[in-house]
Each structure stands twice: as C-alpha cells, then as structure tokens.
Amino acid sequence: MSIYFFIIFCVTSFTNVHAQEESRSISENITWGKRKSFVESKVSVPYKYLLGFKRGKNA
1 MSIYFFIIFC
11 VTSFTNVHAQ
21 EESRSISENI
31 TWGKRKSFVE
41 SKVSVPYKYL
51 LGFKRGKNA
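If you want it as structure tokens, here you go:
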C-alpha cells in the first residue's frame, strides 16, 4: 500500500513542478511583452476601468 502512495506522491509532485514552471514562463513572457510595448511607446490604458475619467478629446 505504501508504494501506491509513493507513486501518487511522485506523479503529483512532478505535475505541480511542471505547472509552476509553466506559470513562471507565462509571467516572464507577459512581462517582456509589456516592457517591449512601453519602450515602443505603445502603452495601453484601460479607460473602461478608470473611475472618474472619460475617453476622448472633449470628454
């Protein structure tokens, strides 16, 4: 019975490590993209979620 739990533990640990690495990789890619956009002056502002501000020239 203990070998069964050991195998489950190993599989679960491997899956968790892989998921954590994938999450870190996605985070690095997003950070790189945001920094590149900022350097190229392509910064987006989420006007929809800014309270008290309206989008447009005469708003």
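Positions 1 to 59 (full-length UniProt numbering) are the ones given, in order, by the sequence shown. Ideal placement from N, C-alpha and C gives every residue a C-beta, glycine not left out. This one's a predicted model, so the numbers in the text were calculated from it and none came from an experiment.
Note on geometry: alpha-carbon atoms of T15 and I30 lie some 23 Å from one another. Membership of V39 in the alpha helix (DSSP H) is indicated by the continuous run 2-39.
Between V43 and S37 a beta carbon distance of about 6 Å is seen, short of the 8 Å cut, so the two are scored as contacting.
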